[in-house]
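Encoded as structure tokens, the structure appears first; notes follow it.
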Amino acid sequence: MLRACALTYSIKWDECHPLAEFAYNNSYQKSLEMAPFEALYGRRCRTPLNWSELRERVTFGPDLVTQAEEQVKLIHSNLKRAQSRQKSYSDKRRRPLVFEVGDHVYLRVSPMKGIHRFGVKGKLAPRHIGPFKITEQCGPVAYRIEVPPHLAAVHDVFHVSQLKKEQQEEEPSTFTKCNGVITPKRKQLRSKENTYKPNIRAFFRLLQTIVK
Numbered sequence: 001m002l003r004a005c006a007l008t009y010s011i012k013w014d015e016c017h018p019l020a021e022f023a024y025n026n027s028y029q030k031s032l033e034m035a036p037f038e039a040l041y042g043r044r045c046r047t048p049l050n051w052s053e054l055r056e057r058v059t060f061g062p063d064l065v066t067q068a069e070e071q072v073k074l075i076h077s078n079l080k081r082a083q084s085r086q087k088s089y090s091d092k093r094r095r096p097l098v099f100e101v102g103d104h105v106y107l108r109v110s111p112m113k114g115i116h117r118f119g120v121k122g123k124l125a126p127r128h129i130g131p132f133k134i135t136e137q138c139g140p141v142a143y144r145i146e147v148p149p150h151l152a153a154v155h156d157v158f159h160v161s162q163l164k165k166e167q168q169e170e171e172p173s174t175f176t177k178c179n180g181v182i183t184p185k186r187k188q189l190r191s192k193e194n195t196y197k198p199n200i201r202a203f204f205r206l207l208q209t210i211v212k
């Protein structure tokens with residue numbers, strides 16, 4: 001929403017921030033099945049277009065408390081239904097991962113912009129480190145791994161989503177083992193960059209067709 005405001009109003013997009021916030025809080029949310037404003041205050045927000053409407057004054061008291069309790073129950077029901085629907089969507093794309101004690105796994109490393117990991121910065125930084133040996137199963141979806149001394153400060157129990165089983169028959173072509181840490185093959189990456197040569201003639205032919 002903010003991106004749309006920035007594209008539409010260019011340098012004055014910050015002046016539209018309150019209006020964007022107002023529009024978001026009063027827009028229908030699929031999970032809540034109502035607007036966030038209505039979920040918070042128990043009634044719809046009256047915009048300036050509705051200020052001229054005439055109606056009876058709302059009576060405060062026990063009826064208001066009862067209405068708020070019913071609103072909270074309705075919101076909880078809508079959220080549970082939305083979570084169940086989102087879980088079903090996620091389960092379709094997720095397969096169960098089961099490891100055994102003694103297996104070797106790689107640990108997923110979340111890339112962070114501007115951070116050097118193992119001497120490499122940016123997109124060339126390794127996505128997985130390891131392999132590490134599984135020493136204990138701490139639950140249906142958590143495992144304890146044997147970490148090296150230089151990673152002793154890291155908690156050694158991880159969720160299965162952060163682990164990747166080592167394939168004995170093959171290794172990733174863009175990674176090599178080095179003291180228990182996966183690092184990219186820089187020579188191979190540099191060779192690919194050197195083999196790329198832009199076709200200048202094709203570029204000018206395309207430019208001429210666009211100008212015509």
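Numbering follows the UniProt record's numbering, with no gaps: position 183 of the sequence shown is 183.
Beta carbons: idealized from backbone N, C-alpha and C, even for Gly.
Beta strand (DSSP E) segment containing residue i, residue limits
i       : result
Leu-107 : 104 to 108
Leu-163 : 163 to 165
Delimiting residues of the alpha helix (DSSP H) encompassing residue i
i      : result
Val-99 : Correcting the residue identity first, residue 99 is Phe in this sequence and not Val. No alpha helix (DSSP H) holds Phe-99; DSSP gives it neither H nor E.
Ala-20 : 17 to 25
Ala-39 : 36 to 41
Closest by C-alpha distance to residue i, when choosing among the options
i           : options                            : result
His-155     : Tyr-143, Ser-161, Glu-166, Lys-164 : Tyr-143
Arg-135     : Ile-129, Ser-110, Ile-145          : Note that residue 135 is Thr in the sequence shown here, rather than Arg. Minimum Cα distance to Thr-135 is reached at Ile-145.
Cys-45      : Gln-29, Phe-22, Lys-30             : Phe-22
Val-109     : Leu-97, Lys-164, Ala-153           : Lys-164
Asn-26      : Ile-11, Asp-14, Gly-42             : Gly-42
Tyr-106     : Gln-162, Pro-149, Gln-83           : Gln-162
Pro-140     : Gly-130, Phe-132, Leu-97, His-128  : Leu-97
Pro-149     : Cys-138, Phe-132, Lys-30, Ala-39   : Phe-132
Arg-95      : Leu-32, Val-160, Met-34            : Val-160
residue 236 : Arg-85, Tyr-89, Ala-39             : No information on residue 236 is available, as it lies outside the stretch 1 to 212 that the chain covers here.
His-128     : Glu-166, Gln-137, Val-157          : Glu-166
Gln-137     : Phe-158, Ser-90, Gln-83, Tyr-28    : Phe-158
residue 215 : Lys-73, Asp-91, Thr-66, Ser-88     : This structure does not reach residue 215, given that the chain is present from 1 up to 212, and the question cannot be answered.
Strand pairing of residue i, partner residues [DSSP]
i       : result
Arg-144 : Glu-136, Val-157
Lys-80  : BP columns for Lys-80 are empty, so no partner.
Gln-29  : Met-34
Ile-75  : Bridge partners of Ile-75: none, in fact.
Would you say the stretch 77 to 85 touches the stretch 96 to 112, given that touching needs at least three Cβ pairs under 8 Å?
-> no
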